[in-house]
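**Q** Going by the working numbering, the sequence shown opens with residue 170, and the numbers climb by one from there. The beta-carbon is built from N, C-alpha and C at its ideal position, and this holds for glycine as well. Just so it is clear, the structure is predicted and the values come from calculations on it, not from any experiment.
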Amino acid sequence: MSKQLYVENSVGRSVTDAFNKFRREHEWEAVFQHDRHPQMQQRQDEGDSWWIKEVTAEGFAIVSCDLAIVENAEERQAVIDSGAQVVAFAKASYNRWDMMRGLCRHWLSIERHLGAHPLILRVWAGSRAPDKLL
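(1) Have a look at the DSSP bridge pairing and note the partners of E198.
(2) By DSSP, does L290 sit in helix, in strand, or in coil?
(3) Along the alpha helix (DSSP H) that carries Q246, what are the first and last residues, could you check?
(4) Which residues does DSSP list as the beta-bridge partners of I231?
(5) If distances are taken between C-alpha atoms only, which option among Q173, L174, I221, R182 comes closest to N264?
(6) Across which residues does DSSP place K301 in a beta bridge pair?
(7) Rounded to a whole number of angstroms, what is the C-alpha to C-alpha distance between H195 and V255?
(8) Excluding the 5 residues flanking S251 on each side, which residues of the same chain have their C-beta closer than 6 Å to its C-beta?
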């Protein structure tokens with residue numbers, strides 16, 4: 170099982186840094202997208218399929234701020250073909266605090282789900298349990 174999270178730019182460096190401050194408790198490392206792929210700050214002509222495949226091959230699970238990956242047929246197929254694991258927040262409107270709250274509140278469940286390939290897991294900030302969309 171992967172012990173690395175690839176955190177999309179839209180989730181934020183602050184969520185990445187906060188998650189990493191508690192590595193002793195969960196033994197996972199979060200890597201911020203910009204640190205691995207700085208070109209992702211610019212508009213992409215190639216879409217996201219290439220980096221989904223790349224980071225999955227390197228053993229990362231992906232953390233996304235929304236479920237756009239489910240709605241985009243090419244990206245969803247990239248998740249399936251590569252066996253990617255995507256943890257996506259239920260609402261794109263979540264602020265950084267809501268995202269961190271969702272990760273903390275549901276971490277044990279998220280970690281259990283991360284045994285499955287491929288995976289798209291919707292995570293809520295509140296008490297509603299994460300649910301598998303793929």
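**A** In terms of the structure at hand:
(1) According to DSSP, which records beta bridges pairwise, E198 is partnered with Q173.
(2) For L290, the secondary structure class from DSSP, reduced to helix, strand or coil, is strand.
(3) Looking at the DSSP string, the run of the alpha helix (DSSP H) that includes Q246 is 242-251.
(4) Listed as beta-bridge partners of I231 by DSSP are Y175, V255.
(5) Restricting attention to Q173, L174, I221, R182, the CA atom closest to the CA of N264 is found in R182.
(6) Partner(s): L290.
(7) Spanning the two alpha carbons is a distance of roughly 18 Å.
(8) The residues are K222, T225.
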